[in-house]
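Mapping of the sequence shown onto the numbering used here: residues -4 to 154, in sequence order.
Yeah, the Cβ is synthetic: ideal placement off N, Cα and C, and Gly gets one too.
So the structure is just underneath, and the comments pick up after that.
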Amino acid sequence: MTTVHTSSITSLPLLARGKVRDNYAVGKDRLLMVASDRISAFDVILGEPIPGKGALLTQMALFWFARLGHICPNHLTGEAPESVVTAAEIPQVAARSMLVKRLKPIPVEAVVRGYLAGSGWAEYQATQSVCGVPLPAGLKNASKLPEPIFTPAAKAAQG
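See below:
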């Protein structure tokens, strides 16, 4: 399997490059979403990729889309992503991409927190809670939480 830090599909127009996915236009009604092997921490993209990460993320997403498709419609077209790129670009796309309908995204993001860090730590210092979830007194930066909590997060306008 090819390791892809940053895709370089030249047969399609690049629309956006995020922390993990590169999105390309396929006509006016579809997108090619390529999951890279990039990793990021606190919104900083690190230089060394994790081989196979993008393929794993894509296969996990496809698993859940298949299992939940009868409950909630999704954006999958059912078409092979390899069908919209050149033969030379197939190694960048195989197993790590989805060909999807171009839809208006719902800007929702959430975080499962097991440790008190980042913006959660700052909020805890002021309110002894994170996103309204009360936490025990005496926690320190990067303390393990008694149990994981599910909190909303801000979705960046770009990226």
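DSSP bridge partner residues for residue i (one or two, in chain order)
i: glutamate 104; result: Ala148
i: lysine 139; result: Tyr110
i: proline 46; result: According to DSSP, proline 46 bridges with nothing at all.
Residue i burial status per 10 Å Cβ neighbour count (16 or more: buried)
i: valine 125; result: buried
i: glutamate 161; result: With the chain covering -4 to 154 only, the question about residue 161 has no answer from this structure.
i: glutamine 54; result: exposed
For residue i, the nearest candidate out of the options (CA to CA)
i: valine 39; options: Lys99, Val15, Ala20, Ala90; result: Val15
i: proline 68; options: Gly115, Leu57, Val88, Glu77; result: Leu57
i: lysine 96; options: Ala75, Lys48, Pro141; result: Ala75
i: alanine 30; options: Tyr110, Leu140, His0; result: His0
i: serine 92; options: Glu118, Leu52, Val128; result: Leu52
i: lysine 135; options: Tyr119, Ile45, Ala148; result: Tyr119
i: proline 141; options: Ala148, Pro131, Pro147; result: Pro131
i: leucine 26; options: Gly49, Ile45, Ser78, Pro147; result: Ser78
i: glycine 127; options: Ala137, Gly13, Ile144, Lys23; result: Ile144
i: isoleucine 101; options: Asn18, His70, Leu7; result: His70
Assigned secondary structure, residue i (DSSP; H/G/I helix, E/B strand, else coil)
i: alanine 121; result: helix
i: leucine 26; result: strand
i: proline 8; result: coil
i: lysine 3; result: According to the sequence shown, residue 3 is serine rather than lysine. In this structure, serine 3 counts as coil in the three-state DSSP scheme.
i: proline 194; result: Coverage of the chain is limited to positions -4 through 154, which leaves residue 194 absent and any answer about it impossible.
i: valine 21; result: strand
i: leucine 71; result: strand
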